Every structure is written in C-alpha cells, then in structure tokens.
Ligand code: PGA
C-alpha cells in the first residue's frame, strides 16, 4: 500500500516574524476546513522556530530545521545543534541541501554525521541529493546519486528516521523540472540502491521525495508518479495559498 505523502516546505532564508505569523494563521484556517491526505513539515529559518513551535502546537503540522551542526554543543560560532532543534520541537532536519553542499562546501561525509546526530536525538533526517546540469548532460546522474547515497546515508538509516530528497541542482529555483518519467525512474533507482545497501531497509520503504521548481501547476502530477513519496517545496511554499494548494493536491 502507498504511504501517505510527505510534503515539506523549505523556506530557506525567507520570513520575518509578523508576516510569518499571518501565514501560519491562514494556513491553519485552511487546514481546519479541509481534509488532507499527507504529512506536512514546515522548515522556517531558525529565528522563527520558537514562534512556529508555539503556533503549531496541537496541529498535525511538523516543524523542521534547514540544517544543523553534527555536535550537540560547543565552540561553533553561528551554528545550531540538533539538541537545539529538538528544544524547538523540530521533528525533522534537512541535511545536505545543494545550497549547503555548494556554498559551504559540505560534503557527503559531513552530511552523514549530521544525519547520525539527528537519529541519536530522535529527529528524522531529510537527506538531499541531486546532480548538477553538467553531470546530467554528461550522463553522470546515476553515478553521482549512487556516490552521494553511499557517503551520505549511514548504516543507521531506517525507514523511520530517514527521508531522501531527490533535488536535481539545475531544477532548484529555475522553473525547470525533469520529465515525470525521469523523476519516476530516478526515484526507483534511489530506492533500489538503498534496498541493496541498507540491511534494515530491505522493504525499500525509505521515502523518496522530489524537490526543484515544484509549483501549484505540477505538484499533483509529480505526486501521482508511482515512486514519488512526497515533495520538497521551496519558493512556492512561501505563499500560504500556494502551499495549501500543493498540500491539497496529495
Ligand atoms: P524551489 O526550491 O522549489 O524554489 O525550486 C526547492 C529546494 O531547494 O528545496
């Protein structure tokens, strides 16, 4: 049986307090008037987590961090630990987003450590992987994904504590997406690769969600693809009505 889709909002470096509280109010009203068939996670910037935790308490919406340090505490100026995210009631954390891999040189080994820190604190890791345009054009997609999976996903990953987000780097924020067939094939490839490498996941049930230029126009057809277990939504999640439409397309 198909699992309930997981729809994650990644706000990136967007959102100030006042407008965000208005967003939550509107989104909660929409949610209370309609039935949805998915799990929802919102990952606002760290500065908003406390207010979100308060406003989302008692709802089914989960909260997530967009990144974390792999240590619990210490001399790491500007970093936020998993313990801190837990303190803010986060149930999820995004690790290895391509913007972190590219702009902060975060490699797969570090991503694996962050995910492990999340597991140890009872937080689910959303591990992002994806190929660049150059890699796609040179038919390296599968090789790159296999390499990222091998080094970012540890033997501690299970269906309960890990979600894989397939985000082609060239699709993020570009308005371009792979074809539905390509998305479906790549997701199947990711699932097969995980089933072969992870003993605890022989049923191939780790969720693989798609991210990169998801909009109100393409969300339902991407979600309908057989091997797609959810969506990671950036820009379109910043507007409560649009994110609502995406959530209700599940
Ligand atoms: P986008 O971002 O939906 O704005 O393309 C997705 C992401 O980077 O997670």
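In our numbering, the protein residues as written are 39 to 288. For glycine and all other residues, C-beta sits at the position ideal for the given N, C-alpha and C. Everything numeric in this text was worked out from a predicted model, so none of it was measured.
#### Entry: Top-ranked residue by Cα proximity to residue 19, from 223, 224, 244
It is not possible to answer for residue 19, since the shown part of the chain is limited to 39 through 288.
* To do: Identify whether residue 166 lies in helix, strand or coil by the three-state DSSP scheme.
  => strand
CA-to-CA distance, residue 142 to residue 167, given in whole angstroms:
15 Å
| query | What residues in its chain sit with their C-beta under 6 Å from that of residue 288, if we drop five residues either side in the sequence? | reply | 43, 75, 76, 261
Is it true that the stretch 40-54 meets the stretch 262-274, where meeting means three or more beta-carbon pairs spaced less than 8 Å apart?
yes
Simplified DSSP assignment, three categories, for residue 77 = strand
query = If we count Cβ pairs, one from each stretch, closer than 8 Å, do we get three or more for the stretch 77-86 versus the stretch 121-132?
reply = yes
Margin query: Using only the alpha-carbon positions, how far apart do residue 148 and residue 133 sit?
Written below: 9 Å
So who's on the other strand from residue 188, going by DSSP bridges? Beta-bridge pairing links residue 188 to no other residue.
- Message: On the DSSP bridge list, what partners appear for residue 200?
- Response: 163
* Rounded C-alpha distance that separates residue 184 from residue 205 -> 14 Å
Can you give the beta carbon distance from residue 212 to residue 251, rounded, assuming they're within the 8 Å contact cut? 6 Å
Original post:
When DSSP labels each residue in this structure, what does residue 71 get in the three-state scheme?
Top reply: helix
TODO: Identify whether residue 48 lies in helix, strand or coil by the three-state DSSP scheme.
DONE: strand
| Identity of the residue in 131, 99, 72, 182 nearest residue 62 by Cα | 99
Beta-carbon separation (whole angstroms), residue 202 vs residue 228, contact threshold 8 Å: 6 Å
*Determine the contact status of residue 162 and residue 200, defining contact as a CB-CB distance below 9 Å.*
yes
Quiz item: Around the Cβ of residue 55, are there at least 16 other Cβ atoms within 10 angstroms (buried) or fewer (exposed)?
Solution: exposed
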